[in-house]
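Novice: After the C-alpha cells below, expect a handful of questions from me.
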Amino acid sequence: TLGPFCDFPWNSLSSENLKSKYQFTGLVYRSASLELDEIDAYKNSIKKNPKEWLGFSSTSKNRALAEIYDGNTLFIINVPSQSQHLDISTISNFPVEEEVLLGASTSFQIEHVKYDETTRKHHIYLRILW
Numbered sequence: 189t190l191g192p193f194c195d196f197p198w199n200s201l202s203s204e205n206l207k208s209k210y211q212f213t214g215l216v217y218r219s220a221s222l223e224l225d226e227i228d229a230y231k232n233s234i235k236k237n238p239k240e241w242l243g244f245s246s247t248s249k250n251r252a253l254a255e256i257y258d259g260n261t262l263f264i265i266n267v268p269s270q271s272q273h274l275d276i277s278t279i280s281n282f283p284v285e286e287e288v289l290l291g292a293s294t295s296f297q298i299e300h301v302k303y304d305e306t307t308r309k310h311h312i313y314l315r316i317l318w
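In terms of my numbering, the sequence shown is residues 189 to 318.
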C-alpha cells in the first residue's frame, strides 16, 4: 500500500518536461555508516547480480561535501545518461548540498570496494543500471 505514495512524488518529478530540465548524468556521492559485515556483503557482490536500494536516496555532486558527513563509507556512484535520476539542487531548500535524487528501487552494479587510508573510509564504487 505504500507504493502509490512513493510513485506519486516520483512520477510528478519525472514528467517529460522535468526530466529534460533536471535529468542528471555523472558522478554523485553519498556517505553512510556501515557495519563491517555490510561492507563485506558489498565486496562479495562485486561484478555479480545487480543490487537495489529500495528507497529514495539523496546524493551530492560535491564529493568534499559528502565526505564531511559522519560515516565510515563513501559511495561513489556513476549515474549514466539513460537513467532518470534528478538534479534537484535548484529547487531544494538547501542548494549548497548540490543534491541529486536517486529514485526508489534504483538498481546498480558494484564495481569496486577499497579502503582509503587517507580519509579512513571504505569507498564503494557503484554503477547505476536503471
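No residue lacks a Cβ here, since even glycine has one placed at the ideal position from N, Cα and C.
1) Within 8 Å, do at least three Cβ pairs link the region 211-223 to the region 274-291?
2) Using a Cβ-Cβ cutoff of less than 8 Å, which residues in the same chain neighbour residue 255 once the five nearest sequence positions on both sides are dropped?
3) Where residue 221 and residue 227 are concerned, what is the direct C-alpha to C-alpha distance, given to the nearest angstrom?
4) Helix, strand or coil for residue 251 per DSSP?
5) Mind checking which residues open and close the beta strand (DSSP E) that includes residue 304?
6) Could you check the C-alpha separation between residue 193 and residue 292 for me, to the nearest Å?
7) Report the rounded CA-to-CA distance for residue 303 versus residue 313, giving the unit in angstroms.
8) In the DSSP assignment, find the unbroken beta strand (DSSP E) run with residue 289 in it and report its ends.
9) At 4 residues or longer, and completely inside the region 233-277: list those alpha helix (DSSP H) runs for me, N to C.
Specialist: Working from what's here:
1) yes
2) So the list reads 217, 219, 262, 307 and 309, once near-sequence residues are dropped.
3) For residue 221 and residue 227, the distance between alpha carbons rounds to 10 Å.
4) It is helical.
5) 294-304
6) Since pLDDT at residue 193 reaches only 48, below the 50 mark, its modelled position is unreliable, and the value read off the structure follows with that caveat. C-alpha separation (whole angstroms): 11 Å.
7) 11 Å
8) Per DSSP, residue 289 is one residue of the beta strand (DSSP E) stretching across 287-290.
9) DSSP runs (the alpha helix (DSSP H)) wholly in the region 233-277: 251-256.
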